[in-house]
Amino acid sequence: MPSYKTLRHQLAPCLALAATGAALAQTPTAPNRPGSAAPPAAAASAPAARPAAAPAAATAPATAPAAGTPASPSQRIEITGGRDNETTQRRQSTAAKIIIGREEIDKFGDATVGEVLRRLPGVTTPGAPGRGGPPRLRGLGGGFTQLLIDGQRLPPGFSLESLTPEQVERIEILRAPTAETGARAIAGTINIITREGFRVRLNDLRLGFGIEDGRISPGVNWTHNNSAGDLTYNLSGSVFQRRQNNDNQTRTTVANAATGALLEDRTTTSTSSDERTGGNFTSRLQWRLGEGTGDLLALTPSIFHAQGKTRSQNVLVQALQRPGARVLYDFGNSQSEVSFTNARLNAQYRQRLGAVRAELNGGGGVFRSENETLRNDFNSGGTTPARTLLDNSRTRQSNLDLKLKFSGLAGGNEQGGEHNLVGGFDIDASRRSEARRSLQNGAPVLADFGDELQASTLRLAAFAQDEWNINPHWAAQVGLRWEGITTRGDSATIGGRPTNRSSVWTPLLFAVWKPDPKGRDQVRLSLTRSYRSPDLGNLIARPTINRDYDPDTGSNIETAPDRAGNPDLKPELATGIDIALERYLPQGGVLSANLFHRQISNLMRGSTRLENVSWSPFPRFVRRMQNIGDATTSGLELEAKFRLDQLFDGAAPVEMRSNVSFFTSKVKAVPGPDNRLDQQAKATANIGADYRLRGLPFTMGGNLNYVPGGTTRLEADQTVSTSSKQVWDAYVLWTLNPNTGLRLLGSNLNPRDSINTTVNDAVVAGITERSTQRSSAPSYVNWQLRLELKL
344 MPSYKTLRHQ
354 LAPCLALAAT
364 GAALAQTPTA
374 PNRPGSAAPP
384 AAAASAPAAR
394 PAAAPAAATA
404 PATAPAAGTP
414 ASPSQRIEIT
424 GGRDNETTQR
434 RQSTAAKIII
444 GREEIDKFGD
454 ATVGEVLRRL
464 PGVTTPGAPG
474 RGGPPRLRGL
484 GGGFTQLLID
494 GQRLPPGFSL
504 ESLTPEQVER
514 IEILRAPTAE
524 TGARAIAGTI
534 NIITREGFRV
544 RLNDLRLGFG
554 IEDGRISPGV
564 NWTHNNSAGD
574 LTYNLSGSVF
584 QRRQNNDNQT
594 RTTVANAATG
604 ALLEDRTTTS
614 TSSDERTGGN
624 FTSRLQWRLG
634 EGTGDLLALT
644 PSIFHAQGKT
654 RSQNVLVQAL
664 QRPGARVLYD
674 FGNSQSEVSF
684 TNARLNAQYR
694 QRLGAVRAEL
704 NGGGGVFRSE
714 NETLRNDFNS
724 GGTTPARTLL
734 DNSRTRQSNL
744 DLKLKFSGLA
754 GGNEQGGEHN
764 LVGGFDIDAS
774 RRSEARRSLQ
784 NGAPVLADFG
794 DELQASTLRL
804 AAFAQDEWNI
814 NPHWAAQVGL
824 RWEGITTRGD
834 SATIGGRPTN
844 RSSVWTPLLF
854 AVWKPDPKGR
864 DQVRLSLTRS
874 YRSPDLGNLI
884 ARPTINRDYD
894 PDTGSNIETA
904 PDRAGNPDLK
914 PELATGIDIA
924 LERYLPQGGV
934 LSANLFHRQI
944 SNLMRGSTRL
954 ENVSWSPFPR
964 FVRRMQNIGD
974 ATTSGLELEA
984 KFRLDQLFDG
994 AAPVEMRSNV
1004 SFFTSKVKAV
1014 PGPDNRLDQQ
1024 AKATANIGAD
1034 YRLRGLPFTM
1044 GGNLNYVPGG
1054 TTRLEADQTV
1064 STSSKQVWDA
1074 YVLWTLNPNT
1084 GLRLLGSNLN
1094 PRDSINTTVN
1104 DAVVAGITER
1114 STQRSSAPSY
1124 VNWQLRLELK
1134 L
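Just so you know, the sequence shown maps onto residues 344 to 1134 in our numbering.
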């Protein structure tokens, strides 16, 4: 763990900012009055409880049942009654945000929150159509997008695919960072607010199954809510079995760039089947500590466990080999078994201290995983493996976090002038240990690097924020945040402990102007500083070898590099500006246009170089993250949500939603054209509609998501091209009675292949060779049928 000296230096800014925020919050509170300052950012008042976390590799069931249809007046109010509040919160917030409430979360009956996110404004997901992946804002992932649960960063090993929509109250998309929610958000922040206990009894059961490529995946989800005196509790659990097929074909060619003459040509075809079984249980126990005070104590224990196995078959056809080149293999098979367990306990305590509200959030968790993969490669006609590869890894990670926050109102009169003051600090410590054994034909691989690897990370932060309602026309928010991160690595056999330290001050300014205080138009402006810190995997320098090119017998090629870390990485820094125009429609709709620009320094990007390495007697191409200089990104984001009869008299009350975003970027260290940020999409668009049939118990809707393909130049001699993605989703809900519903959901109704192409030029023996690697994978239609019961 970090030394006392490190803690002392990092805590000083934390204590200074926290003391400033606490002192500001001690100012006497002004009485409530019309035109007072808007509530603090949603994360400020959100519960700190987080649901069970799942490993990134483990996804939730594709068939977990979705939220049900309204059953009783109280439940209808709870689900749909918040729409005006969501629009009001968005309108009154000084920081620009998009708020998605229960009604919209429930519409499609998605199995996971990850499926909900891919239809939201400005969100894209990597991977094949319909499969999704980590959400990206403004086309940027890999740390550019900050993901939060109840205002807190995701715990280690967490996957949004493990979170069901029934556990979520609302989703907030913040276009710019704030002092309270954190500055590691160059592209923006997705904040998922989980449901607090409510005093209406709820007992929902959802049974369902999905079918994809002929494989059935069943799932069950249960949610229960009740109260006893001052205790309100919420229990939720799910079990699932997910079955998927994954096919892929990759053709690699190497040619003389000048003449076009082929030097190598090989095609690898892979077919695999994946099966995963798991369960998730989460509860929230919430005690009121005073009538009408808002004081409370909440505990949220959660556990997630999943295990799975994968079986793969590989065929390699080498149509053209270099003279004297070694035959890699002709066919092979592999089998993998994996298990994950994640247990966590979160706590939250809110207490009013006179004019100040104090909130303490904390939590701790343990994540464990085991993975074993056995691969056998054969030569043509052989029955004995020509090469056997065995990988076995065990990972354990523990995490503790603590956040203390003070908030209060100060000043103000009937014309405005009220201040909403917030200050506090965060502490987050984690430790990861990994034991890995790699054998090739029974002999250890990378023996010099040992089998044990440990790393620890300490993050400290402090913030102060003032949201000021200046007058009926103007509101502003000023914030300052300091954040410091120390990461240490430790191998059992390598001398020394690679250490990376970084700290960042981030000032932030937001302003809102209303030309007419009673009107529905407003203009937003924000000036912010944000950053992206290198993650643990990019810092710790344990190499990973590309097994298609044996390090004992030769080198590899640039499109199939080994990978290693770089402990000298620095965080990226970004200065940004956002300008938005919003119009709120009389019956709850919204029209908005947003322009943004980010100026980035110390850009981190993977760079492949030919190196003399310790794990091979031959030079090897190795890919490491490097700081390569400056970059910029800009864009335009448009959104429209309205009901059709708001625009056209006599039209059906069809709920319409649409959004389109355009992005551009430029990396100065890479020559053009196409020198964009890593695989940033040029645009993304959604158009959808929902309609409840009059006089019939049916509700239906659909959505089209489109992301165009494009080419990104990663380096002067390397480009990556991706195909376009087009995903059609549609659903029908049949309300059999107030307590029973049957939902049919079709996803990726027009399946398309996912195609990626990498082109790389390299000089070998004085000749420029061009390597082209083209991978294609099919996508599939996914059907889900769910019975939704309110017991």
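Just so it is clear, CB atoms sit at the ideal spot from N, CA and C, and this is done for glycine as well.
Looking at the DSSP output, Arg544 sits in no beta bridge, so it has no partner there. A residue is called buried when at least 16 other Cβ atoms come within 10 angstroms of its Cβ; Asn689 meets this threshold and is buried.
Ser741 places its beta carbon less than 8 Å from that of Arg774. Around Ala917, the same chain offers Ile529, Ser873, Arg941 and Ile943 as residues with beta carbons nearer than 6 Å, after the five sequence neighbours per side are excluded. Measuring C-alpha to C-alpha distances from Gly978 to each of Arg963, Arg926, Glu954 and Ile922 identifies Ile922 as the nearest. Taking the Cα of Arg779 as reference, the smallest distance to any Cα among Gly766, Glu795 and Pro787 is reached at Glu795.
Taking one beta carbon from each stretch, the segment 1018-1028 and the segment 436-443 have fewer than 3 pairs nearer than 8 Å; the two do not touch.
Annotation for Glu777: Thr738 and Leu796 place their beta carbon closer than 6 Å to its own, counting only its chain and skipping 5 residues before and after.
Counted as a single uninterrupted DSSP element, the beta strand (DSSP E) harbouring Gln650 occupies residues Leu639 to Leu663. In the three-state scheme derived from DSSP, where H, G and I count as helix and E and B as strand, Arg780 is classed as strand. Separation of the CB atoms of Leu1128 and Phe683 is rounded to 28 Å, and the pair is thereby denied contact status at 8 Å. Excluding sequence positions up to five before and after Gly897, its CB lies within less than 6 Å of the CB of Phe961, all in the same chain and listed in chain order. Going by DSSP, Gly457 is part of the alpha helix (DSSP H) stretching over Val456 to Leu460. If the five residues before and after Arg867 are omitted, its C-beta is found closer than 6 Å to the C-beta atoms of Ala439, Val855 and Ala923, all from its own chain and listed in chain order. Residue state for Ser505 is assigned as helix, using DSSP reduced to three classes.
CA-CA distance, Thr653 to Gly621, rounds to 15 Å.
Partner residues in the beta bridge of Gly919, as assigned by DSSP, are Thr871 and Arg941. In this structure, DSSP gives Leu987 a helical state, which the three-state scheme calls helix. In the displayed model, Gln1022 falls within coil according to three-state DSSP, outside both helix and strand. By the criterion of a C-beta distance shorter than 8 Å, Asn814 is surrounded in its chain by Gln758, Gly759 and Gly760, once the five residues flanking it on both sides are discounted. Leu483 sits buried, since 16 or more C-beta atoms from the chains shown fall within 10 Å of its C-beta. In the three-state reduction of the DSSP assignment, Arg687 falls in the strand class, which pools E and B. For His816, the number of other beta carbons within 10 angstroms of its own is below 16, and it is reported as exposed.
Around the CB of Lys1011, fewer than 16 other CB atoms lie within 10 Å, so the residue is classed as exposed. Inter-segment contact for the segment 449-460 and the segment 495-513 is present: three or more beta-carbon pairs are separated by less than 8 Å. Scanning its chain for C-beta atoms nearer than 6 Å, with the 5 sequence neighbours on each side dropped, one finds around Val1050 the residues Thr467, Ala1024, Thr1027 and Lys1068, in chain order.
Where Asp720 is concerned, the enclosing beta strand (DSSP E) starts and stops at Val699 to Phe721. Between Asp895 and Gly486, the C-beta spacing is not below 8 Å. Beyond the five residues adjoining it in sequence on each side, Glu713 comes within less than 6 Å, by CB distance, of Ser682 and Arg737 in the same chain, given in chain order.
Boundaries of the alpha helix (DSSP H) around Asp449: Arg445 to Asp449. DSSP places Gly880 within a helical segment (H, G or I) once states are collapsed to three. Of Asp449, Thr431 and Pro464, the smallest CA-CA separation from Arg1000 is found for Pro464.
Going by beta carbons, Arg474 and Phe939 fall outside the 8 Å limit. Residue environment for Asn1029: buried (at least 16 other C-beta atoms within 10 angstroms of its C-beta).
Judged by beta-carbon spacing, Gly785 lies beyond the 8 Å limit of Asp744, meaning their Cβ atoms are not closer than that value. Look at the segment 815-868 and you find these whole runs of beta strand (DSSP E), each 3 residues long or longer: 817-834 and 842-856.
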